[in-house]
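Presented below is the structure to which this report refers.
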Amino acid sequence: VSQKHSHRVANRRALLIFVIVLALLVSAIGITVSWLQGKYLHDEARAQFQTELALLGELAVEPLLRSDYASVERLVITWVKRRTYPLQITAVTPNGFVLAAVQNSHVVGHALKVEQPVVFGGRKLLVLRAVSDISAREENVSTIARNAAMIAAALVMLLGWILWNALQRTAIRPLEAEIHEHAKKERELRQRTVELETAIKELDSFSYSVSHDLRGPLRAIDGYCHILSQDYADVLDAGAQQYLARTRAAAQRMGQLTDDLLGLSRMARHALNMTEVDLSALARETVDRLSQNEPLRQVDISIADGLGAHADSSLMSVVLDNLIGNAWKYTAQTAGAAIEFGRQERDGATVFFVRDNGTGFDMQFAHKLFLPFQRLHGTDFQGNGIGLAMVQRIIQRHGGRIWAEAKPGKGAIFYFTLP
Amino acid sequence: MEASMKKHIWNTLIGSMLWLAGTAHAELVLGVHPFKPATILTDAFTPLTRYLSEKLGQPVVLRIAKDYQAHIDAVGKNELDIAYMGPTSYVKLREQYGACPLLARQQIGEKPVFHGKIFVRTDSPVHSLPELAGKRFAFGEEQSTMSHLVPRYMLSQAGITVDKLASYKFVGDHVNVALGVLAGDFDAGAVKEDVYFKYQPRGLREIATSEPYSDHVFVASRKMPVDQVRKLREIMLHMNQDPKGVAALQAMTKGITALVPVQDSDYDSLRVVLKKMRAMGVSY
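Residue numbers (this note's numbering), protein chains in the order written: chain B, 3 to 421; chain X, 3 to 286.
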């Protein structure tokens, strides 16, 4: 409900901003139009005023040429008195004599001043100086602008209201429903995640407990069998000794399995410490360790330089130990054994690979590759089937992916990606 | 002689009866010569026509002549019942058409006479009539007493005949003369004194004043019955005792105080001037 309310508030705020911007835009347009209209009316008034004065001047020419000054004086008086707007005209002769100075009312507002010389045959007969009050026109413009602003404000409000309803109907309500549904699913997912994490923790805890608790009895079995075989060597025949040896081997094997299981469990709980990791260096360290254990092995090792990734260094060491270790192991019976660790680009993504020319495997069993304790080669090679499971879990924890391609007797390639 | 007198009386009586019969309720026409623009004259004389209409019980209408001579002819041919005439026009009327009934003459201020003014602009270097030689002069109307004939006589007395002027022009009426000088189109001009005093504050300065001459006069049609003439004369001579009459007088010309009795000899001094002008070849 709170999220829905906040969405509604956000939508209202967005709409309010939109309406304000629209109002500002309309206001700007209104002001511009009013200014242009005022300027147009002012220019028009001036042009009209000048036209009228020019006409008055033309009417004055004839009596002026006849020296009928009284008629000119009466003409100006009549002219001014017949105007409906405030007007003041002063008729001045070339020698500066004011023949007529008439006004029909006081010009108190915005005065528009125009001077119109009366010329005939190149001789200036008179100058008409007129002052008119165009406040009335400006008041009209202001009234129009005021009305337009009020109408624009009303229109903007109406538009905002219409827009709000339309948005609510077409977008906000469906969006809110979608958000509500999404939030519901998110809550369910979070709940499931919590449940899953709890289950995993419980499982890991169970595995750890089982592994840890099993180690004690196994050590006891192995120890007592060892005591038996040592302390009672003179009374136990060879068969008994062999049985004890098998019992100890089985106990040790179970201990190893328990340790691996514990390792897998720890892997799940291991907190990632992400750094820039030099994978090439880690690979070389792995190969060095393998070579020290088996100094007589002749393997053609190829490790590309400069392979790096943003990952947990210790876990990536485990990955390379397992993948290169497997390659080392499954090329033991291959003449001209070769192992390569490199990088290639696939579909714009970086893919690391470990290639060998060893035993390989049948791809129909590929789905079992990464399952714990699943072994594709039986007991032909050492191992407990936990390594690739750990590798997959590490790669997945990094957000990457791992897969393999192989053919029996032709070797195998393990690919993995890291984001 | 007695028979002749009787015949004349009978003719007058019959004529008067016929005139009364024809004009019992007909309108009287008051004519005015165009000494000012027609619109101004209409505004000035309409109150008088209304006043006379009320007093006579008969409508009086105003007619403004197209020029001075037309006005004289209209009076002489009895086309007008009442006429307002300038002094020169009256003298000319008498010369051309003989005597007609005199009603009254206007009095501005205390005396029923008026003066003419010859003037220049305030900033003019001219201060006397002889200095007008080579200057541009504005007259009003050719038959106007104070805007042409009297001032022209004054100029000639000062030795300035029109051929000694740079130019001269008849600009139609007194007001145009004043404005023409003020506008700088003329260096000097002449008008009757009331027009001068009206425009003097706007920048005029007089350089000469005429002798006094009998002022404008009201005459009646020769066909108007004697009783009607007498009644009309009485009304006019008593206008200054009636507020409405005073208002009508004031509307005619600023400063009029009354209409006063008049006789033909009041214009003799003007006749002398006009005779001399005619002798100098000035037509009017």
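Idealized CB from N, CA, C, for every residue including glycine.
Beta-carbon proximity list for L17(B), same chain, < 6 Å, skipping 5 on both sides: In the first sequence, counting from the first residue as 1, residue 17(B) sits at position 15. Result list for L17(B): W166, in chain order.
Distance between S209(B) and A306(B) (C-alpha atoms, nearest Å): Numbered from 1 along the first sequence, position 304 holds the residue referred to as residue 306(B). Numbered from 1 along the first sequence, position 207 holds the residue referred to as residue 209(B). In a straight line, the C-alpha of A306(B) is about 38 Å away from that of S209(B).
Beta-carbon neighbours of L184(X), restricted to chain B and to distances below 7 Å: The residue labelled residue 184(X) in the question sits at position 182 within the second sequence. Under the 7 Å cutoff, chain B gives F99.
Every unbroken beta strand (DSSP E) inside the region 298-347 of chain B [3 residues or more]: 301-305, 310-314
Interface positions of the region 31-47 of chain X facing chain B (Cβ-Cβ less than 7 Å), listed along the chain: P39, T41
Boundaries (first-last residue) of the beta strand (DSSP E) holding S285(X): Taking the first residue of the second sequence as position 1, residue 285(X) is located at position 283. Careful: S285(X) lies outside any beta strand (DSSP E) and carries neither H nor E.
Option in S91(X), A190(X), H176(X), R154(X) with minimal Cα separation from K137(X): Here the question's residue 137(X) lines up with position 135 in the second sequence. Per the Cα distances, A190(X).
Residue-level contact to chain X via CB, S134(B), 8 Å cutoff: As a working mapping, residue 134(B) is identified with position 132 in the first sequence. Closer than 8 Å: no.
Endpoints, the beta strand (DSSP E) within which E278(B) is located: On the first sequence, residue 278(B) is found 276 positions in, with the first residue counted as 1. It spans 276-280 - the beta strand (DSSP E) in which E278(B) sits, taken as one unbroken run.
Proximal chain B residues relative to K171(X), where beta-carbon distance stays under 9 Å: Within the second sequence, residue 171(X) is the residue found at index 169, counting from 1. Ordered by position in chain B, the residues that pass the 9 Å Cβ test against K171(X) are S69.
Span separating the alpha-carbon of V164(X) from that of L64(X): Position 162 of the second sequence, counting from 1, holds the residue named residue 164(X). Position 62 of the second sequence, counting from 1, holds the residue named residue 64(X). Using only the alpha carbons, I get a separation of about 36 Å.
Short CB-CB distance (under 8 Å) between A72(B) and chain X: In the first sequence, the residue the question calls residue 72(B) occupies position 70. True, the Cβ-Cβ gap to chain X drops below 8 Å.
Endpoints, beta strand (DSSP E) assigned at P119(B): On the first sequence, residue 119(B) is found 117 positions in, with the first residue counted as 1. Unbroken beta strand (DSSP E) run through P119(B): 113-122.
Meets three-Cβ-pair contact criterion under 8 Å: the region 77-85 of chain X and the region 180-195 of chain X: no
Secondary structure of Q243(B), DSSP reduced to three states: Here residue 243(B) refers to the residue found at position 241 of the first sequence. Looking at Q243(B) - three-state DSSP - the assignment turns out to be helix.
C-beta neighbour in chain X for E75(B), strict 8 Å: Within the first sequence, residue 75(B) is the residue found at index 73, counting from 1. Closer than 8 Å: yes.
Cβ contact (3+ pairs, closer than 8 Å) linking the region 46-59 of chain X and the region 107-116 of chain X: no
Simplified DSSP state of Q2(B), which is helix, strand or coil: Outside the shown range of chain B, which is 3 to 421, sits residue 2(B), and nothing can be said about it.
Residue environment, L322(B), which counts as buried when at least 16 other CB atoms sit within 10 Å: Within the first sequence, the letter at position 320 stands for residue 322(B). It is buried - the Cβ of L322(B) has at least 16 other Cβ atoms within 10 Å.
Expected contact under 8 Å - CB spacing of V179(X) and A192(X) to nearest Å: The residue labelled residue 179(X) in the question sits at position 177 within the second sequence. The residue labelled residue 192(X) in the question sits at position 190 within the second sequence. That belief holds up - the Cβ atoms of V179(X) and A192(X) are roughly 7 Å apart, short of 8 Å.
Beta-carbon proximity list for A25(B), same chain, < 6 Å, skipping 5 on both sides: Here residue 25(B) refers to the residue found at position 23 of the first sequence. For A25(B), where only same-chain residues beyond five positions count, the Cβ hits under 6 Å are V158.
Under 8 Å by beta carbon: chain B residues contacting N80(X): Locating residue 80(X) in the second sequence gives position 78, where the first residue counts as 1. Neighbours of N80(X) on chain B: none; closest Cβ ~31 Å, over 8 Å.
K57(X) Cβ short of 7 Å to the ligand FAD heavy atom set: By its list of ligands, the structure shown contains no ligand whatsoever, and the ligand FAD lies outside what it can speak to.
Local Cβ density within 10 Å of S169(X), reported as buried at 16 or more and exposed below that: Within the second sequence, residue 169(X) is the residue found at index 167, counting from 1. The residue is exposed, with fewer than 16 neighbouring Cβ atoms inside 10 Å.
Cβ contact check for the region 265-284 of chain B and the region 393-401 of chain B: 3 or more pairs under 8 Å: yes
N- and C-terminal bounds of the alpha helix (DSSP H) containing V82(B): Here residue 82(B) is taken as the residue at index 80 of the first sequence, counted from 1. That run of the alpha helix (DSSP H) goes 71-84.
Cα-Cα separation, N13(B) to I174(B): Residue mapping note: residue 13(B) aligns to position 11 of the first sequence, counting from 1. Residue mapping note: residue 174(B) aligns to position 172 of the first sequence, counting from 1. Approximately 8 Å between the Cα atoms of the pair.
Contact set between P96(B) and chain X, taken where Cβ atoms lie within less than 7 Å: Sequence index remark: in the first sequence, residue 96(B) carries index 94 (1-based). In chain order: G186.
M282(X), buried or exposed, once every other Cβ within 10 Å from all chains shown has been counted against 16: Looking up residue 282(X) in the second sequence gives position 280. Exposed, because fewer than 16 other Cβ atoms sit within 10 Å of the Cβ of M282(X).
Minimum Cβ-Cβ distance from L181(X) to chain B less than 8 Å: Residue mapping note: residue 181(X) aligns to position 179 of the second sequence, counting from 1. At least one chain B Cβ lies under 8 Å of L181(X).
Continuous beta strand (DSSP E) stretch holding F416(B): start and end: Here residue 416(B) corresponds to residue number 414 of the first sequence, with the count starting at 1. Element bounds for F416(B): 413-418.
Option nearest Q202(X) by Cα separation, candidates K246(X), G33(X), K119(X): The count along the second sequence starts at 1 and reaches residue 202(X) at position 200. Checking every option, the nearest Cα to that of Q202(X) belongs to K119(X).
Neighbour flag for N242(X) against chain B, beta carbons, 8 Å: Sequence index remark: in the second sequence, residue 242(X) carries index 240 (1-based). So, not an interface residue.
Beta-carbon proximity check, S29(B) vs V143(B), cutoff 8 Å: Counting from 1 along the first sequence, the entry for residue 29(B) is found at position 27. Counting from 1 along the first sequence, the entry for residue 143(B) is found at position 141. Cβ atoms of S29(B) and V143(B): not closer than 8 Å.
Interfacial residues, the region 107-132 of chain X to chain B, with Cβ spacing under 7 Å: none
Closest by C-alpha distance to G350(B), when choosing among L420(B), T336(B), M318(B): On the first sequence, residue 350(B) is found 348 positions in, with the first residue counted as 1. Selected option, being the one with the closest Cα: L420(B).
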